[in-house]
Amino acid sequence: MKLFKSKRSAGLMASPYIAWAIIFIVVPLCMVFYYGLTSADGGFTFDNIATIMKPGYIKALKRSIVLAIISTLVCFLLSYPLGMILASMKLKKNAYIVTLFILPMWMNFLLRTLTWMTLLEGKGVINTILEFLHLPTLNIINTNGAIVLGMVYNFLPFMILPIYNALNRIDENVINAARDLGAGTVQTFLRITLPLSMPGILSGITMVFIPALTTFAISTMLGGSKILLIGNIIEQEFTQLYDWHLGSGLSIVLMIFIILNMIIENLSDNGGNN
Amino acid sequence: MSKDLITLEHISKSYDGQLILDDLSLSIYENSFVTLLGPSGCGKTTTLRIIGGFEKPDQGRVIFDGQDITNLAPNKRQLNTVFQKYALFTHMTIAENIAFGLKIKNKSDSYIKDKIKYALKLVNLEGFENRMPDSLSGGQQQRIAIARAIVNEPKVLLLDEPLGALDLKMRQDMQYELKRLKDELGITFIYVTHDQEEALTMSDHIVVMNQGYIQQEGSPEKIYNEPENAFVADFIGDSNIIRSTMIRDELVEILGAKFACVDKGFGENKPVDVVIRPEDVELVAPDAGTINGVVTGLTFKGVHYEMDVEANGYEWLVHSTKLSEVGSNVGIKIDPFNIQIMNVPASEDEEAISETV
Ligand SMILES: Nc1ncnc2c1ncn2[C@@H]1O[C@H](COP(=O)(O)OP(=O)(O)O)[C@@H](O)[C@H]1O
Ligand SMILES: [Mg+2]
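Chains as they are written, first to last, in this note's numbering: chain U, 1 to 274; chain H, 1001 to 1357.
Laid out in structure tokens, this is it:
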């Protein structure tokens, strides 16, 4: 595509975006690194980053990683069969069904999570109904399970969409060709459908894992004050303790995990192509 | 010729209440090159998908080598398909694509390696083992799709418009290649196309289809020279198709003039359709032929001239190496052997559809 006559005019057209990227991405990133690698008196230090190894912090990080992995896994297990069903329908209708799954995303994220709070509370909607039916009440709120539920509920569409798109793009005749060459249903799935949908799976994983790893809103609302994720700790450093140095240092740790996640996914994606 | 390998018995198929194939019966001989020919949407692909097992007929049976395979899954059938748009596995190398069927059958590595080599040689793409499908041209991808199918040594190869996406030169080369392949492998080819020239060039046997019905089947020569109805005549090459009256055996009245012909048994004073190929219309001096006309159009076509001649209220299409200028008066003469008489269609389905050509 030769949309622009010269590189210079292309650069000119891109300048608002470059300016935007500098102001809102590069500058804050530099600030995070500056604060993260300095102490209160301005000297260079790794202490902020090393703080992650202290018991309370490492526990929160571990819990964050475990809950993010569980949520991602649950999202994947729910999304893949659904994506296959939707893609196999090949109807005009499935556009509506897909919209149905995106619809909750049009509502504010905090509102949606707040709704779950009201539903799950000790004297919330669900328990009120259970009591009315003389059934034992549930204790879900303020557990790890409630946090996973909140994550899955909020991030599920980010898994469904890329997987559905990847599956939908697979030519029906490619599947037929595998059958034609003697592959049964299971073999066709393992050798053709799964590898061809891998890019969708990987972007789905990234799009669920990263927000799940970094969230603090979901854990605040559904985990109460007892269950701290690494996101909550960083948030507290900034908003309650005003320790920007420690907050930034911990953010750098989180960034390392995110970058690690992306590298692993890039590697496995290339592995699928070779 | 030889024995039947595949028989379709009274196959019917509907989609969404619309009848696509209606009571279709067809026999395919072993080791023949059979072409299903017809306009787009006439049910060729559906027929092929039923043979391949990707679609179940609503009614009727598919017999393969004496066995009823109507309900057999595609992966259990001893035939392979070359799909319309190649359908290569884009996440695998060329070698892995070709090896796919053999790996499923647990063949040994050395056997698979030999087969890949052999197949790539057969389709003239030696050394392509480690390329990815996306890096190949359309023609090359098509040949890989063929290689991927034939390494499994099927008894029958189904090909659905395999050359449809290629440019003219490539298509002609591939036509030749496919014929060579067919002779080298000694297997049955069932080939689908809407291109009548392709069908005439390649086939041993042509099945002309329209709107889910078989219109006529036979050798290319027979289909071209003796079309049984106006649809076939119109679809296979240019023709003059004129509603006429059979006066009696061997005499037909075309546009008010009596022509001698060789056909018999149509009855007396019965309406018929006559087909006269443009190369069979002879232009002579005025009054030297059966009817007179005026040349109204002239196009140079390389090997011959194409002329339009207005005579007795019909615009005749004429191909000739001899030039007659626009405006000149001519006579039209037709050899009795070149007048093909056909019954007028009993149903609308056989009606010639002019926009299909
Ligand atoms: N899966 C399907 N669902 C609904 N209609 C179909 C389907 N496949 C084919 N058809 C219809 O059946 C008719 C014949 O199709 P096809 O066999 O593909 O024709 P051809 O290959 O001769 O062009 C067409 O009108 C097409 O729209
Ligand atoms: Mg077709």
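Where a beta carbon is used, it is the ideal one built from N, C-alpha and C, also for glycine.
Requested in this report: Would you check whether ligand 2 has a heavy atom nearer than 7 Å to the C-beta of T1093/H?
Outcome: Within the second sequence, residue 1093/H is the residue found at index 93, counting from 1. Incorrect: T1093/H has no Cβ contact closer than 7 Å to ligand 2.
Report task. Measuring only between beta-carbons, confirm whether R169/U sits less than 8 Å from chain H. Result -> Within the first sequence, the letter at position 169 stands for residue 169/U. It does not; no Cβ of chain H falls within 8 Å.
Report task. Could you name the residues of chain A that A1087/H contacts, counting a contact when the two beta carbons are closer than 8 Å? Result -> You won't find chain A in this structure, because its protein chains are U and H.
**Report entry** Identity of the residue in L149/U, I163/U, T206/U, N266/U nearest I85/U by Cα
**Finding:** Mapped onto the first sequence, residue 85/U falls at position 85. Measuring from the Cα of I85/U, the nearest candidate turns out to be I163/U.
**Report entry** CB contact flag (V1156/H, L1048/H, <8 Å)
**Finding:** Locating residue 1156/H in the second sequence gives position 156, counting from the first residue. Locating residue 1048/H in the second sequence gives position 48, counting from the first residue. Result no, Cβ atoms of V1156/H and L1048/H do not sit closer than 8 Å.
Requested in this report: Report the option in Y80/U, T185/U, I126/U whose CA atom is closest to the CA atom of I201/U.
Outcome: On the first sequence, position 201 is the one that residue 201/U refers to. Restricting attention to Y80/U, T185/U, I126/U, the CA atom closest to the CA of I201/U is found in Y80/U.
Query - Distance cut-off 7 Å: D1160/H Cβ against heavy atoms of ligand 3 - result: Absent from the structure shown: ligand 3. Ligands present: ligand 1 and ligand 2.
Report task. Let me know the secondary structure DSSP gives Q1211/H once reduced to three states. Result -> Here residue 1211/H is taken as the residue at index 211 of the second sequence, counted from 1. In the three-state reduction of the DSSP assignment, Q1211/H falls in the coil class, being assigned neither a helical nor a strand state.
Requested in this report: Could you give the DSSP three-state label for H1010/H: helix, strand or coil?
Outcome: Numbered from 1 along the second sequence, position 10 holds the residue referred to as residue 1010/H. Strand.
**Report entry** ligand 2 heavy atom lying under 7 Å from the CB of K1044/H
**Finding:** Along the second sequence, read from residue 1 onward, the residue named residue 1044/H stands at position 44. In this structure, ligand 2 has a non-hydrogen atom nearer than 7 Å to the beta-carbon of K1044/H.
Query raised in the report: Per the contact definition of three or more C-beta pairs closer than 8 Å, is the segment 1211-1224 of chain H in contact with the segment 1059-1068 of chain H?
Result: As far as the Cβ criterion goes, the segment 1059-1068 of chain H does not touch the segment 1211-1224 of chain H, which means the pair count is below three.
Query raised in the report: When you compare only the Cα positions, how much space is there between A95/U and F101/U?
Result: As a first step, residue 95/U must be located in the first sequence, where it is residue number 95. As a first step, residue 101/U must be located in the first sequence, where it is residue number 101. The straight-line gap from Cα to Cα measures roughly 10 Å.
Requested in this report: Note down the Cα distance separating E1355/H from I1104/H, rounded to an integer number of angstroms.
Outcome: For the purposes of this step, residue 1355/H is taken as residue 355 along the second sequence, with counting starting at 1. For the purposes of this step, residue 1104/H is taken as residue 104 along the second sequence, with counting starting at 1. Residue placement at E1355/H is flagged as unreliable, the pLDDT there being 35, under the threshold of 50; the coordinate-derived value follows with that caveat. In this structure, the straight-line span from the alpha carbon of E1355/H to that of I1104/H is close to 46 Å.
Requested in this report: May I have the straight-line CA-CA distance separating R1243/H from I1006/H, to the nearest angstrom?
Outcome: In the second sequence, counting from the first residue as 1, residue 1243/H sits at position 243. In the second sequence, counting from the first residue as 1, residue 1006/H sits at position 6. As the crow flies, the alpha-carbon of R1243/H is around 38 Å from that of I1006/H.
**Report entry** Beta-carbon proximity check, I1206/H vs T1035/H, cutoff 8 Å
**Finding:** On the second sequence, residue 1206/H is found 206 positions in, with the first residue counted as 1. On the second sequence, residue 1035/H is found 35 positions in, with the first residue counted as 1. Yes. Within cutoff.
Query - Inter-residue CB distance, L120/U and I129/U (contact presumed, cutoff 8 Å) - result: Residue mapping note: residue 120/U aligns to position 120 of the first sequence, counting from 1. Residue mapping note: residue 129/U aligns to position 129 of the first sequence, counting from 1. That pair is no contact at about 12 Å.
Report task. Could you check the C-alpha separation between I1187/H and R1143/H for me, to the nearest Å? Result -> The residue labelled residue 1187/H in the question sits at position 187 within the second sequence. The residue labelled residue 1143/H in the question sits at position 143 within the second sequence. The straight-line gap from Cα to Cα measures roughly 17 Å.
Query raised in the report: Taking 7 Å as the cut-off, is the CB of G204/U close to at least one heavy atom of ligand 1?
Result: Working through the first sequence from its first residue, we reach residue 204/U at position 204. No, since every heavy atom of ligand 1 falls outside the 7 Å radius drawn around the Cβ of G204/U.
Report task. Can you give me the start and stop residues for the beta strand (DSSP E) that F1189/H sits inside? Result -> As a first step, residue 1189/H is located in the second sequence; it is residue number 189 there, counting from the start. F1189/H -> beta strand (DSSP E) spans 1188-1193.
Query raised in the report: What is the residue span of the alpha helix (DSSP H) that D47/U lies within?
Result: Numbered from 1 along the first sequence, position 47 holds the residue referred to as residue 47/U. Segment 47-50, the alpha helix (DSSP H) holding D47/U.
Query raised in the report: So is C75/U buried or exposed if we call it buried at 16+ other beta carbons inside 10 Å?
Result: Position 75 of the first sequence holds residue 75/U. Under this definition C75/U is a buried residue.
Query - Assigned exposure category for S1203/H - 16 Cβ within 10 Å defines buried - result: Reading the second sequence from its first residue, position 203 is the one you call residue 1203/H. Around the beta-carbon of S1203/H, 16 or more other beta-carbon atoms lie within 10 Å, marking it buried.
Requested in this report: Check the Cβ-Cβ distances between P195/U and every residue of chain H, and say whether any is below 8 Å.
Outcome: Counted from its first residue, the first sequence places residue 195/U at position 195. So, interface residue.
Query raised in the report: Just to check, is the beta-carbon of S1040/H closer than 7 Å to a non-hydrogen atom of ligand 1?
Result: For the purposes of this step, residue 1040/H is taken as the residue at position 40 of the second sequence. Yes, ligand 1 has a heavy atom inside 7 Å of this Cβ.
Query raised in the report: Whose C-alpha, out of N1338/H, L1021/H, D1023/H, is nearest the C-alpha of V1252/H?
Result: Here residue 1252/H refers to the residue found at position 252 when the second sequence is read from its first residue. The shortest C-alpha separation from V1252/H is found at N1338/H.
Requested in this report: Spell out whether any CB of chain H is found under 8 Å from the CB atom of I192/U.
Outcome: The count along the first sequence starts at 1 and reaches residue 192/U at position 192. Judged by the 8 Å Cβ criterion, I192/U is in contact with chain H.
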